[in-house]
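Encoded as structure tokens, the structure appears first; notes follow it.
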Amino acid sequence: MSAPSHTPPRLNRLLLTGAAGGLGKVLRERLRPFAEMLRVSDVAALAPATGPHEEVTPCDLADKAAVDALVAGCDAIVHLGGVSVERPFEEILEANIKGIFHLYEAARRHGVKRVVFASSNHVIGFYKQSETIDAHAARRPDGYYGLSKSFGEDVAQFYFDRWGIETVSIRIGSSFPEPANRRMMSTWLSYRDLTSLIEKSLFTPEVKHTVVYGMSANRDVWWDNHAAAHLGYQPQDSSEVFRAKVEAQPPVAADDPNAIYQGGAFTAQGPFGD
Ligand SMILES: NC(=O)C1=CN([C@@H]2O[C@H](COP(=O)(O)OP(=O)(O)OC[C@H]3O[C@@H](n4cnc5c(N)ncnc54)[C@H](O)[C@@H]3O)[C@@H](O)[C@H]2O)C=CC1
Ligand SMILES: O=C(O)[C@H]1OC(=O)[C@H](O)[C@@H](O)[C@@H]1O
Numbered sequence: 001m002s003a004p005s006h007t008p009p010r011l012n013r014l015l016l017t018g019a020a021g022g023l024g025k026v027l028r029e030r031l032r033p034f035a036e037m038l039r040v041s042d043v044a045a046l047a048p049a050t051g052p053h054e055e056v057t058p059c060d061l062a063d064k065a066a067v068d069a070l071v072a073g074c075d076a077i078v079h080l081g082g083v084s085v086e087r088p089f090e091e092i093l094e095a096n097i098k099g100i101f102h103l104y105e106a107a108r109r110h111g112v113k114r115v116v117f118a119s120s121n122h123v124i125g126f127y128k129q130s131e132t133i134d135a136h137a138a139r140r141p142d143g144y145y146g147l148s149k150s151f152g153e154d155v156a157q158f159y160f161d162r163w164g165i166e167t168v169s170i171r172i173g174s175s176f177p178e179p180a181n182r183r184m185m186s187t188w189l190s191y192r193d194l195t196s197l198i199e200k201s202l203f204t205p206e207v208k209h210t211v212v213y214g215m216s217a218n219r220d221v222w223w224d225n226h227a228a229a230h231l232g233y234q235p236q237d238s239s240e241v242f243r244a245k246v247e248a249q250p251p252v253a254a255d256d257p258n259a260i261y262q263g264g265a266f267t268a269q270g271p272f273g274d
């Protein structure tokens with residue numbers, strides 16, 4: 001996909017964690033115009049650097065010393081790395097909970113001023129699809145994964161209040177090439193809109209700790225972004241173009257979590273192994 005047609009401001013060195021993942025692979029390409037140097041990192045295998053503008057730096061987020069070295073020399077971070085689905089708590093603890101603590105400690109030590117955190121709709125997953133909530137609604141995490149993202153948002157708030165590090169926590173809905181089911185007609189976030197939201201999150205002059213819902217301009221939405229209006233995010237895409245294809249799927253039973261809760265099936269996962 002092409003880069004934005006305008007010329008955004010440029011950072012010196014931008015760190016992208018989770019760069020081997022689904023969104024990381026997409027953003028590795030699309031964040032390129034935003035920095036002189038893009039440092040890409042993951043615990044999984046990464047494609048080699050595509051040119052002198054990229055540094056490939058493998059790292060396990062659970063390793064505090066390694067994360068400290070990873071962050072050194074960066075002026076901003078887009079943090080996608082971690083377990084991205086519901087899993088046993090011990091896995092989430094290492095990658096997501098320890099991981100985000102290590103990341104912010106390193107940001108503090110190395111003077112990083114701006115973080116974009118890939119939070120998730122699963123911090124509020126137990127709200128019903130019949131409800132509309134904003135960023136100030138009490139969190140209702142729908143599992144260990146959602147709890148870890150909720151913790152991540154608290155870490156972001158703490159490091160702003162205590163150390164002045166600014167963060168935009170993007171509660172991403174469902175960012176995939178297309179919405180895969182009826183629920184995602186409401187939660188879908190196109191890659192183009194995700195990129196635009198990250199750009200706003202990196203370059204809006206003052207964000208403190210802003211929480212924003214990462215969704216495209218879908219017809220039926222459950223989230224109100226007025227509290228993040230200062231970002232100036234204006235989604236360009238809508239799930240509506242996929243409606244006929246999605247609605248050709250068999251209907252979802254009325255008692256299926258996918259038809260009841262904003263977090264869908266995540267609300268009904270686990271326990272693991274006991
Ligand atoms: N794709 C989506 O619709 C949504 C994504 N998100 C969040 O956005 C981020 C990216 O999501 P995806 O690309 O879809 O997930 P993904 O699972 O494809 O990518 C996550 C990456 O993090 C890496 N990772 C896991 N544990 C790690 C560790 N200990 N150290 C270093 N790296 C580690 C994985 O190897 C993987 O490449 C995740 O934080 C996810 O929770 C949130 C809501 C929705
Ligand atoms: O709720 C959703 O659709 C998405 O939310 C997430 O946080 C997950 O990382 C992603 O795998 C799900 O598909």
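Each residue of the sequence shown is one higher than the last, beginning at 1 in our numbering.
Note that CB positions come from ideal geometry on N, CA and C, so glycine has one too.
Report task. Please name the residue in Y233, L197, S238 whose C-alpha comes closest to that of S216. Result -> Within the sequence shown, numbered from 1, the residue matching residue 216 stands at position 216. Selected option, being the one with the closest Cα: S238.
**Report entry** Check: V43 C-beta below 6 Å from any heavy atom of ligand 1
**Finding:** Counting from one through the sequence shown, the residue named residue 43 turns up at place 43. Result yes, Cβ under 6 Å from ligand 1.
Requested in this report: Quick one: measure Cβ to Cβ for V40 and R30, integer angstroms, because I've assumed they're closer than 8 Å.
Outcome: Sequence index remark: in the sequence shown, residue 40 carries index 40 (1-based). Sequence index remark: in the sequence shown, residue 30 carries index 30 (1-based). Between R30 and V40 the Cβ distance is about 12 Å, and since that is not below 8 Å, they are no contact.
Query raised in the report: Measuring CA to CA, which of I198, I92, V212, F89 is closest to H226?
Result: Along the sequence shown, read from residue 1 onward, the residue named residue 226 stands at position 226. The residue from I198, I92, V212, F89 with its alpha-carbon nearest to that of H226 is V212.
Query raised in the report: Around the C-beta of F117, are 16 or more other C-beta atoms found within 10 angstroms, so that it is buried, or is it exposed?
Result: Residue mapping note: residue 117 aligns to position 117 of the sequence shown, counting from 1. By the 10 Å Cβ count, F117 comes out buried.
Query raised in the report: CB-CB under 8 Å to E206, same chain, minus the five flanking residues each way: which ones, in chain order?
Result: Your numbering for residue 206 matches position 206 in the sequence shown. If we look at E206 and ignore the five residues flanking it on each side, its Cβ neighbours are E166, H230.
Query raised in the report: Relative to ligand 1, is the shortest distance from any of its heavy atoms to the C-beta of A62 smaller than 6 Å?
Result: Sequence index remark: in the sequence shown, residue 62 carries index 62 (1-based). Yes, the Cβ of A62 comes within 6 Å of a heavy atom of ligand 1.
Query raised in the report: Any chance the CB of L80 is under 6 Å from a heavy atom of ligand 1?
Result: Along the sequence shown, read from residue 1 onward, the residue named residue 80 stands at position 80. Taking 6 Å as the cut-off, the C-beta of L80 counts as close to a heavy atom of ligand 1.
Query raised in the report: Whose C-beta lies closer than 7 Å to the C-beta of I92 among residues of the same chain, with five residues either side of it excluded?
Result: Sequence index remark: in the sequence shown, residue 92 carries index 92 (1-based). Contacts found: V83, Y144, Y145, S148.
Report task. Leaving aside the five residues before and after A45 along the sequence, list all residues of the same chain whose C-beta is less than 7 Å from its C-beta, in chain order. Result -> The residue given as residue 45 occupies position 45 in the sequence shown. Taken in chain order, the residues that qualify are A20.
Query raised in the report: Counting pairs of beta carbons, one from the region 126–133 and one from the region 99–111, are three or more of them closer than 8 Å?
Result: Output reads no: the region 99–111 does not touch the region 126–133.
Query raised in the report: By how many angstroms is the C-alpha of V43 removed from the C-alpha of Q249?
Result: Residue 249 sits at position 249 when you count from the first residue of the sequence shown. Residue 43 sits at position 43 when you count from the first residue of the sequence shown. Each residue's Cα considered, the two are about 36 Å apart.
Query raised in the report: Rounded C-beta distance between Q169 and L194? I'm assuming under 8 Å.
Result: Walking along the sequence shown from the start, residue 169 turns up at place 169. Walking along the sequence shown from the start, residue 194 turns up at place 194. Looking at the sequence shown, residue 169 is not Gln but Ser. Their Cβ separation, rounded to whole angstroms, is 14 Å, which puts S169 and L194 out of contact at 8 Å.
Query raised in the report: Going by the beta-carbon positions, is the gap between A156 and H110 smaller than 7 Å?
Result: Here residue 156 is taken as the residue at index 156 of the sequence shown, counted from 1. Here residue 110 is taken as the residue at index 110 of the sequence shown, counted from 1. Result no, Cβ atoms of A156 and H110 do not sit closer than 7 Å.
Query raised in the report: In its own chain, which residues sit with a C-beta less than 6 Å from the C-beta of E178, not counting the 5 before and 5 after it?
Result: For the purposes of this step, residue 178 is taken as residue 178 along the sequence shown, with counting starting at 1. Its chain contains F242 as the residues whose beta carbon lies nearer than 6 Å to that of E178, once the 5 sequence neighbours on both sides are disregarded; these appear in chain order.
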